[in-house]
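**Student:** Following this message is one structure expressed as structure tokens.
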Amino acid sequence: MEKTAEKLKVNESLLKTVLCSATFWGLLAHGMVLFNKYSFHDDVRYFNEVGATYESGRWMLGILGSLSANLLGSKNYSLPVVNGTITILCIAAIVYLLVDSLKIQSKPLVILLCGSMVTFPSVTGTFSYMFTAPYYYAASLLGVVGAWIFHQKKNVVALLLCTVLMACSVGVYQANIPVCICTLLLYMMEDIRQSDMNWKAFWKMALCNATVCIGFVTEYFLVNQYFLNQFGVVLTDYKGINHFGRTNLSNYIYRILCGYGSFFYPSTAVEDFSARYVYTLLIIVTAIIAIFVLRKMYILKTPKGCQTLLILIAYPIAACFVYLMVEPWDVHAVMTFGQAFAFALVVWFIDKYPEDRTKVEGALCKAAVALLGVLVTLNIRYSNILYLKADVMQTQMISYYTTLITRIESIEGYTEDAQVVYIGEYDKHDKNLVGISEYFDDLDLATYKGEPIFNDYAWKEAMEFWCGFAPELGDAAEFDGNAEVASMPCYPDQGSIRCINGKIVVKFADEP
386 MEKTAEKLKV NESLLKTVLC SATFWGLLAH GMVLFNKYSF HDDVRYFNEV
436 GATYESGRWM LGILGSLSAN LLGSKNYSLP VVNGTITILC IAAIVYLLVD
486 SLKIQSKPLV ILLCGSMVTF PSVTGTFSYM FTAPYYYAAS LLGVVGAWIF
536 HQKKNVVALL LCTVLMACSV GVYQANIPVC ICTLLLYMME DIRQSDMNWK
586 AFWKMALCNA TVCIGFVTEY FLVNQYFLNQ FGVVLTDYKG INHFGRTNLS
636 NYIYRILCGY GSFFYPSTAV EDFSARYVYT LLIIVTAIIA IFVLRKMYIL
686 KTPKGCQTLL ILIAYPIAAC FVYLMVEPWD VHAVMTFGQA FAFALVVWFI
736 DKYPEDRTKV EGALCKAAVA LLGVLVTLNI RYSNILYLKA DVMQTQMISY
786 YTTLITRIES IEGYTEDAQV VYIGEYDKHD KNLVGISEYF DDLDLATYKG
836 EPIFNDYAWK EAMEFWCGFA PELGDAAEFD GNAEVASMPC YPDQGSIRCI
886 NGKIVVKFAD EP
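First residue of the sequence shown: 386, per our numbering; consecutive thereafter.
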């Protein structure tokens, strides 16, 4: 075992630490979603698929979905334990590669870094799309592997392989661009720390990294266009996918400012009120530590300080690069995993510059470690609240649909062959339905929003999935202007379900 590990250059001690940490934090934060099944919204629609693919610019996701189906000989399944475990292992592998390449020595820092990434709200949000979660985080890992290869070899072959792997990563989920860029910048900072690099070598390295970024983005778009032509589809306009990254100069400036602002105050990435302020305080403390480190570099008259400063200036917008890709209001928490790489920067500073610390610097480092621990704890609590909320929402949803089905089948004239027509199906109201707002804070992480679950676009699929009721549907337009329908009260009142012309009409709301 030891010989094999040495041959593969596997750090066994680090690997054990990361795997144990990922398992521990994963169970604490995500145990509920791993050992239960929550399926509504997109998860019920794509239960046997991998999600939107070519029409959403996710060509590699389409390829992986086809490969998975062919290799396994079955449909894709939204499996909590399997998909969730793969996702957590992918995050663990990301942490391993980062820690190993950045040569982080402190085991407590490794454990906290693992915890901060495994419990990050983006992961919680992605688990509500369990059908595609392992693909998203395998793709994130692919981008990190590409950067790792380039960092290890630094030759043309490594550069080309890096761009291909990163293009594939983005081809699964475009929000992996920040993951790729942040990893490149972290490795660049470590190279600067390890050597007395002159400015010529620095700009050469920066140019190589810029070439990687331009290369993988170009490859992504070229392959994307190929598949669009191949399948005769056009990009959807969902979340600005069909024009992502394209806007005018003034809007670019606005997006850049939003990106920097989000890095320091993550209103989208970290929704929990207290966790958001702990995160902001952590970044501020780390920035102060960085100032002390840069000051020492300046005193030593080495270019390291200025070189490190340039990367630090670029790092926030790299972590929040999604804000440059789409309009700020289109960004949601699932898209923000790149921001979790801020914690790698925090850990790197604390671990790499312990020498000659003053009492103030030592206190700041201890404060940063404590804040990171508090943030992980708050994220665990936040995840569990959301999963409990999902459990309650789903239970209420099933109860609501069970009652609806019973009332439909109890109507005189109902037969199993009768068509069912829903009037105002996305505008359901029930004053006696308490919902979840009375018991839970207004947490808006997709897809745990609350009452809209009853009016969700996939509500009929959810009813079929959980209650097994899938009648033949009639056309609601057929009853436009119908006097009898107009006189009917709205569900759940008596008389809101009637048999009209052999069809079961359920009136949820008056048509506008």
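The beta-carbon is built from N, C-alpha and C at its ideal position, and this holds for glycine as well.
For clarity, every value in this text was computed on a predicted model and none was experimentally measured.
Just the Cα atoms here: how many angstroms apart are P563 and C705?
**Tutor:** Taking the straight line joining both Cα atoms gives about 7 Å.
**Student:** Counting C-beta neighbours from all protein chains within 10 Å, is the total for N461 16 or more, i.e. buried, or is it exposed?
**Tutor:** It is buried - the Cβ of N461 has at least 16 other Cβ atoms within 10 Å.
**Student:** How far does the beta strand (DSSP E) with K888 in it reach, from first residue to last?
**Tutor:** Its beta strand (DSSP E) spans residues K888 to K892.
**Student:** So, is S913 buried or exposed, given that buried needs 16 or more other C-beta atoms within 10 angstroms?
**Tutor:** Shown here, the chain extends from 386 to 897; a query on residue 913 therefore has no answer.
**Student:** Return helix, strand or coil for V467, following the three-state DSSP convention.
**Tutor:** If DSSP states are grouped into helix, strand and coil, V467 belongs with the helices.
**Student:** Assuming S525 contacts S486 under a Cβ cut-off of 8 Å, what Cβ separation, rounded to an integer in Å, is found between them?
**Tutor:** Their Cβ separation, rounded to whole angstroms, is 16 Å, which puts S525 and S486 out of contact at 8 Å.
**Student:** Could you name the residues that DSSP lists as bridge partners for V805?
**Tutor:** Beta-bridge pairing links V805 to L858 and I889.
**Student:** Would A672 be called buried (16 or more neighbouring beta carbons within 10 Å of its own) or exposed?
**Tutor:** Burial call: exposed.
**Student:** If you drop the 5 nearest sequence neighbours on each side, which residues of the same chain put their C-beta closer than 6 Å to that of G531?
**Tutor:** Around G531: C547, L550 and M551.
**Student:** Taking buried to mean at least 16 other C-beta atoms within 10 Å of its own C-beta, is K538 buried or exposed?
**Tutor:** By the neighbour-count rule (16 or more Cβ atoms within 10 Å), K538 is not buried but exposed.
**Student:** Can you tell me which residues form a DSSP beta bridge with C750?
**Tutor:** C750 pairs with nothing; no bridge assigned.
**Student:** Starting from C339, follow its DSSP beta bridges and name the residues at the other end.
**Tutor:** In this structure the chain extends from 386 to 897, so residue 339 is not present and cannot be described.
**Student:** Can you list, in chain order, the residues of its chain whose CB lies under 7 Å from that of G411, leaving out five sequence neighbours each side?
**Tutor:** If we look at G411 and ignore the five residues flanking it on each side, its Cβ neighbours are I473 and V503.
**Student:** Any idea which residues DSSP pairs R883 with across the strands?
**Tutor:** Answer by DSSP bridge pairing, in chain order: V890.
**Student:** Of the residues E397, I534 and Y423, which one's Cα is nearest the Cα of D776?
**Tutor:** Answer by Cα proximity: Y423.
**Student:** Taking buried to mean at least 16 other C-beta atoms within 10 Å of its own C-beta, is W733 buried or exposed?
**Tutor:** Buried.
**Student:** Please confirm whether V655 and Y662 have their CB atoms less than 7 Å apart.
**Tutor:** Going by C-beta atoms, V655 is not nearer than 7 Å to Y662.
**Student:** My output table needs one value for T632: the three-state DSSP class, helix, strand or coil.
**Tutor:** It is coil, neither helix nor strand.
**Student:** In three-state DSSP terms, what is I821?
**Tutor:** I821: coil per DSSP, three-state reduction.
**Student:** Tell me, please, whether the stretch 778-791 touches the stretch 840-853 by the rule of three or more beta-carbon pairs shorter than 8 Å.
**Tutor:** Touching, yes, given that three or more Cβ pairs across the two stretches are closer than 8 Å.
**Student:** Which same chain residues end up closer than 6 Å to F726 when comparing Cβ atoms and leaving out the 5 residues on each side of it in sequence?
**Tutor:** Same-chain partners within the cutoff: C567 and A704.
**Student:** Going by beta-carbon coordinates alone, are E434 and T621 separated by less than 7 Å?
**Tutor:** Contact: no.
**Student:** Considering just the uninterrupted stretch of the alpha helix (DSSP H) at K845, what are its terminal residues?
**Tutor:** Residues W844 to C852.
**Student:** Would you decide whether K689 is buried or exposed? Buried here means 16 or more other CB atoms lie within 10 Å of its CB.
**Tutor:** Buried, because 16 or more other Cβ atoms sit within 10 Å of the Cβ of K689.
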